[in-house]
């Protein structure tokens with residue numbers, strides 16, 4: 003297609019050149035002599051060896067082999083290569099809210115449908131068998147790094163909490179509310 007367009011353009015340039023000069027191949031004084039086959043500043047390439055049927059390929063034409071540079075990368079599930087088990091509470095606790103114990107949704111975790119269902123099933127099994135608490139996240143897992151970025155938590159301030167506020171959530175309570183030991 004590109005070669006046909008380049009050939010047609012070369013013929014039209016050749017006809018206009020003949021009309022300017024009056025005679026084909028003869029240049030009138032003061033006229034600009036244009037090459038009959040070049041449409042751009044780049045030099046064209048010939049794609050056939052014999053001179054009878056020459057197709058000119060213009061380098062300015064779009065190439066169909068080039069990939070889309072603006073194409074977004076494919077998002078992959080972070081757990082597709084991992085086998086989940088109810089016996090691994092540290093991994094499963096990453097998908098629990100530290101305050102309510104609720105399981106984060108798929109829009110927060112970024113997991114595929116299959117792995118999200120498996121995570122939910124394994125968390126329920128671990129809670130039923132006593133490996134994970136039901137109402138909150140176990141405090142020994144509070145300092146664990148997040149294995150997913152949670153853009154939905156940015157608005158709530160949960161994602162931007164300091165580590166010391168997670169360590170001692172009851173630190174700022176007045177003395178009358180603090181638990182005292184009767185010894």
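Numbering (my numbering), first residue to last: 3 to 185.
C-beta atoms are modelled at their ideal positions from N, C-alpha and C, and glycine is treated no differently.
Legend entry - Pairwise C-alpha distance: residue 61 and residue 113: So the two alpha carbons sit approximately 44 Å from each other.
Legend entry - CA-to-CA distance, residue 126 to residue 133, given in whole angstroms: The straight-line gap separating the alpha-carbon atoms of residue 133 and residue 126 is approximately 10 Å.
Legend entry - 4 or more residues per run - each alpha helix (DSSP H) lying fully within the region 53-117: The region 53-117 contains these whole alpha helix (DSSP H) runs: 91-94 and 108-111.
Inset, instruction - Return the CA-CA distance between residue 107 and residue 95, expressed in angstroms with no decimal places. - result: Roughly 13 Å separates the two Cα atoms.
Legend entry - contact_flag[the region 74-82, the region 98-107] where n(CB pairs < 8 Å) is 3 or more: The region 74-82 makes no contact with the region 98-107, as fewer than three CB pairs between them are under 8 Å.
Legend entry - Residue from 70, 100, 76 and 84 whose Cα sits closest to the Cα of residue 147: Checking every option, the nearest Cα to that of residue 147 belongs to 100.
Inset, instruction - Examine the ligand PLP and report whether any of its heavy atoms sits within less than 8 Å of the Cβ of residue 105. - result: The ligand PLP is not part of this structure, which contains no ligands at all.
Legend entry - Inter-residue Cα distance where the pair is residue 140 and residue 66: Between the C-alpha atoms of residue 140 and residue 66 there is a straight-line separation of about 55 Å.
Legend entry - For residue 97, the nearest candidate out of 130, 124 and 72 (CA to CA): Residue 97 has its Cα closest to that of 124, out of 130, 124 and 72.
Legend entry - Top-ranked residue by Cα proximity to residue 128, from 86, 115, 117 and 68: It is 86 whose Cα lies nearest to the Cα of residue 128.
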